[in-house]
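This report concerns only the one structure given below.
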Amino acid sequence: MKNRKGFTLIELLAVIVILAIILLIAVPQVTQIINKSRQDAFAASYRMVLKQIDYYSLQGDLDTYDGTGQEANYDLDADQYDLTVASAGSGAYTVTLAPDADGDFKDIDMNGYCADLTEITSSTCNTSGITGTYVPPTE
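One point on numbering: in this note's numbering, the residue at position 6 of the sequence shown is 1250, and numbering is uninterrupted.
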């Protein structure tokens, strides 16, 4: 009888089954983490817009930027976001941040994320982005 080196078919199948189980557990977790980080990045951009609205409103310059929808005014990447700021009356503003159709966030789903955005009221978070009413602070 020859002394054979190597693995048996049963040993190889056992290793493949173990790796498959690990992948079945790990892939959904990694996907969930990636989606959460994309949501957080999108919401951070929204919060940045709100902070800049605060700045412009305290400077008395917000009317210059009101309703322009120009991302450059808010330092956003125009290839990633579509931004609209419109007056809602009584010093409030409706701020809508939507993912650009061709950008990295094009398939982001913000459902359920509005609860984390305490800065805004009358908010809607869905696959179209974030829309909310925001009242900047006054001096």
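We treat Cβ as the ideally placed atom computed from N, Cα and C, and that holds for glycine.
All figures in this text were calculated on a predicted structure; none of them were measured in a lab.
- Nearest neighbour of G1376 by Cα position, chosen from T1365, N1370 and M1354, turns out to be T1365.
- Here V1339 carries a strand assignment [DSSP, helix/strand/coil].
- The DSSP-derived three-state label of S1281 is helix.
- The Cβ atoms of L1341 and Y1325 lie closer than 7 Å to each other.
- Contact between D1323 and D1344 holds, since their C-beta atoms are separated by about 6 Å, short of 8 Å.
- With a threshold of 16 other beta carbon atoms within 10 Å, G1333 falls short and is exposed.
- Cβ-Cβ separation between A1330 and Y1378: approximately 11 Å, too far for a contact (criterion under 8 Å).
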